[in-house]
Amino acid sequence: MPNLPVEIYTHILSFAPPDTLRSCRLVNKILHSIATPVVFRHIRLEATGDSSQFINIAKSETLRPHVREISIDIWVELQIRYFADVPSEPPASFFRALPFLRVFSNLKTLNLKFNERCGKERDAGNDTYVEDYDFRYWVMWTVFSSLTGDWEAVFSQSIYEEIDAVLYDDGDQINGEEFFSSLQEEIENWPQLAPIELETLTIGNLADYNDPRLTGSEIFKRVLRAPSLTGLKLYVVFEQSEQPTREYIQLLRKYRFMNSLSNTWLAPEVAKKLRVLSLFCEDYWGWSPKMDLRKINPGPGPDSGLPKLEVLALGNFVLSDEWQADWFASLGRLNDHGGLRELYLDNCPIVYASNPPESFDINIHDYYDEFLEAQRAISDGVNRLFPLRWHEVLNHWADNMNGLKVLKMGRGDWVSSSIQYLACSSQKPEIESFNWDKIKRRFSRTNFMTYDCSPPANSFVEMADFKDVIYGIGINDDPFLSLSYVQFNAAYFPSYWPYWLSEDAEMEMKRSEEIDNQALSRIKSLVGGR
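Residue numbers (the working numbering): 1 to 530.
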């Protein structure tokens, strides 16, 4: 072996696939000592996988100190068929392994991923929502109480019984009392450790439901408000309706959830210390469902808002008002760079108009939403036009965001088409340890984590090569996608701006296009020169 610094070997090995890394540990003692921390730096626990490997690492005094990142995939089935008379079988082995999270004292990054479908409850005889709110609460309570060191089998059993959960072992339903009794005996031999000082928490497919059992608990507050937690990345999914238009739009839960974020996941105690924030939703949000960004840690003082933020990534966020340009410019005023350093906007348009139907029947008794209120205020199908334009926003940022060094606007790989392509392609790499069904699931809906990656070299994301599977695909920096406008209709999904505009309005938008592109070129030139 060449006599190179350990740091160089570590950097080289970080690009190697898992099989190569494991082989390196067998070459000699020197390479074994270098490769081992790389191999075990990031480990996974999958509900459908072999949990024994995770437990063995947790029990090993020589291996668990190397673990810095853990990804937990909570999907209880690889292939889930909704609205089918086939009940899911959550594996008991997964819930036996999950509390071992508490022993990884050097853990810095935790990634949780739920199923993409969420809902209140499972239908009798139909697994419409495999991971209903009760199931998700039990998982989240287990994770958070493990991080704080408060997990106990007796408490977990009480939740298990309260939510009427059922676990399976090799297809057979387990005896809950025996399961938790055995787990309690095992936990007595676990080391008693201090709370884990987590730095980054990511949650994929977070349900649009503010569960007070979790967000109102002390363990939730201790994890989210810990001084060490400076990175938060959330991908929110909305409850679906069998009807694709009005019924889906009128599902109230998502409106209440977005309104609650400033008091839960982005409470003032959290917002004051965050340095990295990624917030993506599977559908448009910001204007509808409304989220007033000024409600995040409000106040006139210098530590209001997100004063230490350095990196912001938003997905599907809709801009609508002039004050939002000021809000972005105010971010990071107390960090070491004098303002926001990196801004990523993935499919974030400006609302141009709202076209209400003749009637809009919805009950909004206990919450307020600007979108719904606007629809009720407009009669006779009169269109509401919004004056905000991209050139106004971009010029304001160019003049006021002097610390900005990265600006990416466009569209990321929301549907993970590159993963689908590779998984189905005869040209996919022959790597024995890769289960391609798991690969498709593992890398789907991950753009809220890979926003800062490079876009695929080829303009067609389907032609991305294997390195994109490993490192993720970033935002495709296309001016057409960067400077988009949408119109909302209370009975239909949003559509891009030329859909129904009058001739005068369409001419105005075309004039705006040229100015928008000039403003985009200007700010990119300024940012690129820093």
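All C-beta atoms, glycine included, are put in the ideal place defined by N, C-alpha and C. Since the model is a prediction, treat every value here as computed from it, not as a measurement.
Self-check item: Distance between residue 148 and residue 217 (C-alpha atoms, nearest Å)
Solution: One-based indexing of the sequence shown puts residue 217 at position 217. One-based indexing of the sequence shown puts residue 148 at position 148. So the alpha carbons of these two residues sit roughly 12 Å apart.
Quiz item: Do you know offhand how far residue 473's Cα is from residue 510's?
Solution: Within the sequence shown, the letter at position 473 stands for residue 473. Within the sequence shown, the letter at position 510 stands for residue 510. The straight-line gap from Cα to Cα measures roughly 31 Å.
Quiz prompt | Of the residues 198, 103, 449, 159, the one placed nearest residue 180, counting alpha carbons only | solution = Locating residue 180 in the sequence shown gives position 180, where the first residue counts as 1. Per the Cα distances, 159.
Quiz item: In three-state DSSP terms, what is residue 511?
Solution: Taking the sequence shown and counting its residues from 1, the one referred to as residue 511 is at position 511. Under the three-state reduction of DSSP output, residue 511 falls in the helix class.
Quiz item: Out of curiosity, what's the CA-to-CA distance linking residue 200 and residue 504?
Solution: On the sequence shown, residue 200 is found 200 positions in, with the first residue counted as 1. On the sequence shown, residue 504 is found 504 positions in, with the first residue counted as 1. Distance between the alpha carbons of residue 200 and residue 504: 49 Å.
Quiz item: Which class does residue 211 belong to by DSSP, given the choice of helix, strand or coil?
Solution: Start at 1 with the first residue of the sequence shown, and residue 211 comes out as number 211. Reduced to three states, the DSSP call for residue 211 is coil.
Exercise. Could you tell me which of 151, 448, 173, 350 sits nearest to residue 513, measuring between CA atoms?
Key: As a working mapping, residue 513 is identified with position 513 in the sequence shown. Of the residues 151, 448, 173, 350, the one whose Cα lies closest to the Cα of residue 513 is 350.
Quiz item: If we ignore side chains and look at the alpha-carbon of each, how far apart do residue 345 and residue 169 end up?
Solution: Residue numbering aside, residue 345 sits at position 345 when the sequence shown is read from its first letter. Residue numbering aside, residue 169 sits at position 169 when the sequence shown is read from its first letter. The alpha-carbon separation between residue 345 and residue 169 amounts to approximately 44 Å.
Quiz item: What's the gap between the Cα of residue 132 and the Cα of residue 480?
Solution: Here residue 132 refers to the residue found at position 132 when the sequence shown is read from its first residue. Here residue 480 refers to the residue found at position 480 when the sequence shown is read from its first residue. So the two alpha carbons sit approximately 38 Å from each other.
Quiz item: Quick one: what does DSSP say residue 451 is sitting in, helix, strand or coil?
Solution: Here the question's residue 451 lines up with position 451 in the sequence shown. Note: residue 451 maps to coil in three-state DSSP.
Quiz item: Closest by CA to residue 532, which one among 202, 162, 171, 186?
Solution: With the chain running from 1 to 530 in the structure shown, residue 532 is simply not present.
Practice problem: Verify the CB distance criterion: does residue 476 have a CB-CB separation below 9 Å to chain D? | Solution: Absent here is chain D; the protein component of the structure consists of one chain.
Quiz item: Buried or exposed: which applies to residue 92, given that a residue is buried once 16 or more other Cβ atoms fall within 10 Å of its Cβ?
Solution: Counting from 1 along the sequence shown, the entry for residue 92 is found at position 92. Counting Cβ neighbours within 10 Å, residue 92 comes out buried, since at least 16 surround it.
Quiz item: Going by DSSP, what residues sit across from residue 575 in a beta bridge?
Solution: This structure cannot speak to residue 575, because the chain is shown only from 1 to 530.
Quiz item: Between the stretch 37-49 and the stretch 63-74, do at least 3 Cβ pairs fall closer than 8 Å?
Solution: Yes: at least three Cβ pairs fall under 8 Å.
Quiz prompt | Validate contact between the stretch 312-330 and the stretch 279-295 using beta carbons, cut 8 Å, 3 pairs | solution = The count of Cβ pairs closer than 8 Å, one atom from the stretch 312-330 and one from the stretch 279-295, reaches three, so the stretches are in contact.
Quiz item: Any idea what DSSP makes of residue 244, helix, strand or coil?
Solution: The count along the sequence shown starts at 1 and reaches residue 244 at position 244. Reliability fails at residue 244, whose pLDDT of 49 lies under 50, so the model's placement of it is uncertain and the value that follows must be treated cautiously. It is coil, neither helix nor strand.
Quiz item: For the 8 Å Cβ check, are there 3 or more pairs between the stretch 297-308 and the stretch 254-261?
Solution: At 8 Å Cβ cutoff, the stretches do not touch.
Quiz item: Opposite residue 398 in the DSSP bridges: which residues?
Solution: Within the sequence shown, numbered from 1, the residue matching residue 398 stands at position 398. For residue 398, which the question treats as bridged, DSSP gives no partner whatsoever.
Exercise. Count the other C-beta atoms from every protein chain shown that fall within 10 angstroms of the C-beta of residue 401, then say buried if there are 16 or more, exposed otherwise.
Key: Walking along the sequence shown from the start, residue 401 turns up at place 401. By the 10 Å Cβ count, residue 401 comes out buried.
Quiz item: Quick one: what does DSSP say residue 91 is sitting in, helix, strand or coil?
Solution: Against the sequence shown, residue 91 aligns to sequence position 91. When secondary structure is reduced to three states using DSSP, residue 91 falls in the strand class.
Practice problem: Label residue 194 either buried or exposed according to how many other C-beta atoms from any shown protein chain fall within 10 Å of its C-beta, with 16 as the threshold for buried. | Solution: Here residue 194 refers to the residue found at position 194 when the sequence shown is read from its first residue. Its Cβ having fewer than 16 others within 10 Å, residue 194 is exposed.
Quiz prompt | Beta-carbon contacts of residue 109 that lie in its chain and below 6 Å, excluding the five residues immediately before and after | solution = Taking the sequence shown and counting its residues from 1, one reaches residue 109 at position 109. Counting only Cβ-Cβ distances below 6 Å, and skipping sequence neighbours, we find 69, 200.
Self-check item: Residue closest to residue 137, alpha-carbon to alpha-carbon, out of 72, 209, 182
Solution: The residue given as residue 137 occupies position 137 in the sequence shown. Closest by alpha carbon: 209.
Quiz item: What are the residues that DSSP puts in a beta bridge with residue 204?
Solution: For this step, residue 204 is matched to residue 204 along the sequence shown. Note: residue 204 is bridge-paired with 113 in the DSSP secondary-structure output.
Practice problem: Quick one: which unbroken alpha helix (DSSP H) runs of 4-plus residues sit fully inside the stretch 260-288? Chain order, please. | Solution: Considered as a whole, the stretch 260-288 harbours 268-271 as its complete alpha helix (DSSP H) runs of no fewer than 4 residues, in chain order.
Quiz item: Below 9 Å between beta carbons: does that hold for residue 339 and residue 404?
Solution: Sequence index remark: in the sequence shown, residue 339 carries index 339 (1-based). Sequence index remark: in the sequence shown, residue 404 carries index 404 (1-based). Yes, the Cβ-Cβ distance between residue 339 and residue 404 is below 9 Å.
Quiz item: Per DSSP, residue 566 is paired with what?
Solution: Since the displayed the chain opens at 1 and closes at 530, residue 566 lies outside it and no answer follows.
Exercise. Compare the C-alpha of residue 398 against each of 161, 155, 508, 516 and name the closest.
Key: Residue numbering aside, residue 398 sits at position 398 when the sequence shown is read from its first letter. The shortest C-alpha separation from residue 398 is found at 516.
Practice problem: Measure the C-alpha to C-alpha separation of residue 185 and residue 95 and round it to an integer number of angstroms. | Solution: Taking the sequence shown and counting its residues from 1, one reaches residue 185 at position 185. Taking the sequence shown and counting its residues from 1, one reaches residue 95 at position 95. Residue 185 and residue 95 have their C-alpha atoms some 15 Å from each other.
Quiz item: For residue 287 versus residue 319, is the C-beta distance shorter than 9 Å?
Solution: Taking the first residue of the sequence shown as 1, we reach residue 287 at position 287. Taking the first residue of the sequence shown as 1, we reach residue 319 at position 319. The beta carbons of residue 287 and residue 319 sit closer together than 9 Å.
Quiz item: Do you know how far the Cα of residue 154 is from the Cα of residue 8?
Solution: On the sequence shown, residue 8 is found 8 positions in, with the first residue counted as 1. On the sequence shown, residue 154 is found 154 positions in, with the first residue counted as 1. Answer to the nearest angstrom: the Cα atoms are 48 Å apart.
Quiz item: Over what stretch of residues does the beta strand (DSSP E) that includes residue 221 continue unbroken?
Solution: Reading the sequence shown from its first residue, position 221 is the one you call residue 221. That residue, residue 221, is in no beta strand (DSSP E); its alpha helix (DSSP H) goes 218-224.
Exercise. Please work out which residues of its chain come closer than 7 Å, Cβ to Cβ, to residue 173, disregarding the five sequence neighbours upstream and downstream, and give them in chain order.
Key: As a position in the sequence shown, residue 173 is number 173, starting the count at 1. Cβ neighbours of residue 173 beyond the five flanking positions: 166.
Exercise. Flag this pair as yes or no: are the beta carbons of residue 478 and residue 447 separated by less than 9 Å?
Key: Counted from its first residue, the sequence shown places residue 478 at position 478. Counted from its first residue, the sequence shown places residue 447 at position 447. If you check the CB distance, residue 478 and residue 447 do not come in under 9 Å.
Quiz item: First and last residue of the alpha helix (DSSP H) that includes residue 179?
Solution: Walking along the sequence shown from the start, residue 179 turns up at place 179. Start and end: 176-187.
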